[in-house]
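S.K.: All residue numbers for the sequence shown refer to the working numbering, where the first residue is 2 and numbers rise by one. Using N, Cα and C, we set each Cβ at its ideal position, and we do this for glycine too. Let me begin by handing over the structure; questions about it come next.
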Amino acid sequence: MASFLCFTHVNPVTFPTKSSNSLAILAHKTVTISLSSSFQSLKTKAAGSSNQGTKPNSIVCADCDGNGAVLCKQCKGTGVNSVDHFNGQFKAGGICWLCRGKREILCGNCNGAGFLGGFMSTFDD
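Here is the structure:
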């Protein structure tokens with residue numbers, strides 16, 4: 002949090018007049034100016050663990066939380082096949098056949114757009 006506070010001493014410029022007593026009084030007055038009187042500070046709070054999901058009426062995709070990608074369902078986010086697939090075509094220990102080792106696949110709910118009704122979506126409300 003940053004705040005700005007400025008104190009400036011301003012001595013008024015006076016010109017010689019007939020009364021010397023009024024000059025002495027004006028020359029010793031100082032003015033203090035503060036610029037921080039209208040400054041307001043805000044504090045933000047992080048979302049708690051109980052409030053992690055999206056709102057029910059939000060257009061943000063609830064499956065991917067607006068990211069457009071979800072963990073690979075075949076390798077469970079490891080990027081490596083755990084067993085042989087398709088009669089040994091994709092061996093265990095090799096890169097995942099679904100995500101090709103990237104660990105994430107496009108969200109099937111929003112087609113990677115991150116929001117409901119994204120491009121090429123069949124969702125109609």
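Can you tell me which residues form a DSSP beta bridge with I96?
M.R.: Counting from one through the sequence shown, the residue named residue 96 turns up at place 95. Per DSSP, V81.
S.K.: Could you give the distance in angstroms between the alpha-carbon of T79 and the alpha-carbon of A114?
M.R.: If you number the sequence shown from 1, residue 79 lands on position 78. If you number the sequence shown from 1, residue 114 lands on position 113. T79 and A114: Cα-Cα distance of roughly 23 Å.
S.K.: Beta strand (DSSP E) containing I106: first to last residue?
M.R.: Taking the sequence shown and counting its residues from 1, one reaches residue 106 at position 105. That run of the beta strand (DSSP E) goes 105-107.
S.K.: By Cβ distance below 8 Å, which residues in the same chain neighbour K92 in space, the five residues on each side in sequence not counted?
M.R.: What you label residue 92 is simply residue 91 of the sequence shown in a count that begins at 1. Excluding sequence neighbours, K92 sits near N82, D85.
S.K.: As a quick exercise: from C111, N112, F116, A70, pick the residue whose alpha carbon is nearest that of C100.
M.R.: Taking the sequence shown and counting its residues from 1, one reaches residue 100 at position 99. For the residues C111, N112, F116, A70, the minimum Cα distance to C100 belongs to A70.
S.K.: Tell me the DSSP secondary structure of A70 in three-state form.
M.R.: For the purposes of this step, residue 70 is identified with residue 69 of the sequence shown, where counting begins at 1. DSSP places A70 in strand when its eight states are reduced to three.
S.K.: Alpha carbon to alpha carbon, how far is D66 from W98? Give it in angstroms, no decimals.
M.R.: Working through the sequence shown from its first residue, we reach residue 98 at position 97. Working through the sequence shown from its first residue, we reach residue 66 at position 65. Whole-angstrom Cα-Cα distance: 25 Å.
S.K.: Closest to C76 by CA distance: which of I96, L117, G109 is it?
M.R.: Counted from its first residue, the sequence shown places residue 76 at position 75. Among I96, L117, G109, the Cα nearest to that of C76 is on I96.
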